[in-house]
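> Numbering (numbering that gives the first Met the number 0) for the sequence shown: 0 to 121. My structure is below; once you've seen it, I'll send some questions.
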Amino acid sequence: MAVKIESKYGIIDLDNEVIATVVGVAATDNYGVIGMASKNQLKDGISELLKLDNYSRGVTIHQEGESIIVSVAIFVLYGTKISEICKNVQQQVKYDLETILGITADKVNVQVQGVRDSESLA
């Protein structure tokens, strides 16, 4: 399912994968976010095996009529304030969607899948 934007020049179809990639980059750009959580283990396992960046991992896009709802699943760094990280992710995702793609997300849901310390990242 794609998001359709009508302009005076015609219709623009944005695939959910494009939107999910923009959302994933916006989410991982925030301090305290150490990675995206996987919703599809098989697909994301192959991407990790091939050393491909998969920013759309953990992102789902729902369109209900005219409203767009984005859900993001992340891992955060231990010792950081999780509520602030989630607020920052919400703001950054909404901002990037509006400035880069020209679409407005009505809701940005952030789900913290886990907390990791800096030593387990190495």
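Idealized CB from N, CA, C, for every residue including glycine.
Just reading off the alpha helix (DSSP H) that residue 87 is part of, what are its end residues?
Position 88 of the sequence shown, counted from the start, is the residue given in the question as residue 87. Note, residue 87: alpha helix (DSSP H), 81-95.
> Would you call the segment 25-35 and the segment 61-69 in contact, with 3 or more CB pairs under 8 Å?
With the cut-off at 8 Å, the segment 25-35 and the segment 61-69 do not touch.
> Is residue 117 helix, strand or coil when you go by DSSP?
Taking the first residue of the sequence shown as position 1, residue 117 is located at position 118. Residue state, collapsed to three classes: helix.
> For the beta strand (DSSP E) holding residue 9, just list the boundary residues, first then last.
Start at 1 with the first residue of the sequence shown, and residue 9 comes out as number 10. Counting along the chain, the beta strand (DSSP E) containing residue 9 begins and ends at 9-14.
> Around the Cβ of residue 3, are there at least 16 other Cβ atoms within 10 angstroms (buried) or fewer (exposed)?
Position 4 of the sequence shown, counted from the first residue, corresponds to residue 3. So residue 3 ends up on the exposed side.
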